[in-house]
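What follows is a set of notes on a single structure, which appears directly below.
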Amino acid sequence: MADTKRITLYASIDTPYPHRVRLALEEAKAAYDVIWIDLSDKPDWYENKVNPAGGKVPYLVYGGPKLGPDEVPSAESFKTRESLVILEFLNDIFPNARLLPADPRLRAHARLFYLAIEAEFVPVFRAFIYGTAVPEDLLSALEQLQALLPPTGFVAGEWSIADAAFSPFLVRLKLLLKDNIGLFGDGVGAATLETLGSARFARLGRYFEDNMARPSMAKTWEEAEAREKFTQRFLKIREGRAT
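In my numbering, the protein residues as written are 1313 to 1555.
Okay, structure coming up:
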């Protein structure tokens, strides 16, 4: 696709999945519009008019006119969902951005890495922040991913969509641990963060800093807004459990 069309992304602040897509769009230097969806108070129009498959984010519309909230994407536009599928789509429509490496061996490694994220890390991450997994479960999952990183640089050497798949989880994990936001108990956040700062995770720490230093992360990581959303979410859960 040599001539790129208008891109509209439906996203939310707190979840890492649309953040993956925003990172890739920024790395591709793409022009795009964002329509923000509050997942804690999701508008009916979003599922009814835009994404009938559960009303999840991210959802990407490629082509058609500029959209506003509550507007139905045009019939001629291409629509897709699921963050990893969208990342691959962006790699295809922005070939010059090299969102995946040219070397097929490195491409395979990048893809295996983000499959490992989905299978091995995401379930443990969710279980940990909701208080149903112990810190060592989380740390072991991170250690497995750390072992897949090269000695320096990013997952496939140069930055790729494999890094877009992982770094949004890392920045949210650091925030949750630092501010002790979650259902993992008092003191657990600080203790887990201390372990992540130890020699055991030295390589992951360098990888985290490399991702934080990229302009794409600076432009897309709204830490204050994410903190507010997470605080509200977990407060609501605690209040519900208390009643």
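All residues carry an ideal CB built from backbone N, CA and C; glycine is no exception.
Can the beta-carbon of residue i be found less than 9 Å from the beta-carbon of residue j?
i, j, result
"residue 1479", "residue 1412", "no"
"residue 1468", "residue 1476", "no"
"residue 1445", "residue 1436", "yes"
"residue 1321", "residue 1344", "yes"
"residue 1450", "residue 1504", "yes"
"residue 1518", "residue 1339", "no"
"residue 1440", "residue 1494", "yes"
"residue 1460", "residue 1418", "no"
"residue 1334", "residue 1532", "yes"
"residue 1453", "residue 1402", "no"
If you draw a straight line from the C-alpha of residue i to the C-alpha of residue j, how long is it?
i, j, result
"residue 1390", "residue 1420", "27 Å"
"residue 1516", "residue 1400", "25 Å"
"residue 1324", "residue 1332", "11 Å"
"residue 1537", "residue 1543", "10 Å"
"residue 1326", "residue 1539", "8 Å"
"residue 1336", "residue 1488", "24 Å"
"residue 1274", "residue 1512", "The first residue shown for the chain is 1313 and the last is 1555, placing residue 1274 beyond what the model contains."
"residue 1534", "residue 1528", "12 Å"
"residue 1500", "residue 1510", "16 Å"
"residue 1409", "residue 1349", "28 Å"
"residue 1546", "residue 1352", "11 Å"
"residue 1398", "residue 1455", "27 Å"
"residue 1422", "residue 1554", "44 Å"
"residue 1514", "residue 1508", "8 Å"
"residue 1438", "residue 1430", "11 Å"
"residue 1560", "residue 1498", "What is shown of the chain runs 1313 to 1555, which leaves residue 1560 out entirely."
"residue 1448", "residue 1530", "30 Å"
"residue 1407", "residue 1486", "32 Å"
"residue 1316", "residue 1524", "28 Å"
"residue 1490", "residue 1416", "38 Å"
Between which residues of its own chain and residue i is the CB-CB distance below 8 Å, once the five residues before and five after are set aside?
i, result
"residue 1313", "Interpretation of residue 1313 is limited by its pLDDT of 44, a score under 50 that renders its predicted location unreliable; the figure taken from the coordinates is listed afterwards. Taken in chain order, the residues that qualify are 1404, 1405."
"residue 1393", "1363, 1365, 1368, 1370, 1371, 1372"
"residue 1522", "1465, 1466"
"residue 1382", "1355, 1357, 1361"
"residue 1414", "none"
"residue 1347", "1320, 1321, 1322, 1323, 1379, 1380, 1381"
"residue 1548", "1352"
"residue 1330", "1321, 1322, 1323, 1324, 1369, 1370, 1395"
According to DSSP, which residues form a beta bridge with residue i?
i, result
"residue 1329", "DSSP output for residue 1329 lists no bridge partner at all."
"residue 1374", "1319, 1390"
"residue 1359", "According to DSSP, which records beta bridges pairwise, residue 1359 is partnered with nothing at all."
"residue 1533", "None; residue 1533 has no bridge partner."
"residue 1466", "1469"
"residue 1347", "1322"
Given residue i, which residues of its chain have a CB within under 6 Å of its CB, disregarding the five upstream and five downstream residues?
i, result
"residue 1482", "1520"
"residue 1484", "1328"
"residue 1502", "none"
"residue 1359", "1367"
"residue 1550", "none"
In chain order, what residues of the same chain lie with their CB nearer than 7 Å to the CB of residue i, ignoring the 5 residues before and after it?
i, result
"residue 1541", "1325, 1326"
"residue 1462", "1469"
"residue 1376", "1318, 1385, 1386, 1388, 1389"
What whole-angstrom Cβ distance do residue i and residue j have, given they're in contact under 8 Å?
i, j, result
"residue 1396", "residue 1426", "6 Å"
"residue 1496", "residue 1443", "5 Å"
Distance cutoff 9 Å, beta carbons only. Does residue i sit that close to anything in chain C?
i, result
"residue 1373", "This model lacks chain C altogether; it includes just one protein chain."
Can you determine whether any heavy atom of the ligand ZN sits closer than 8 Å to the C-beta of residue i, and answer yes or no?
i, result
"residue 1328", "Inclusion of the ligand ZN in the displayed structure is not the case, the ligand content being empty and no account of it being possible."
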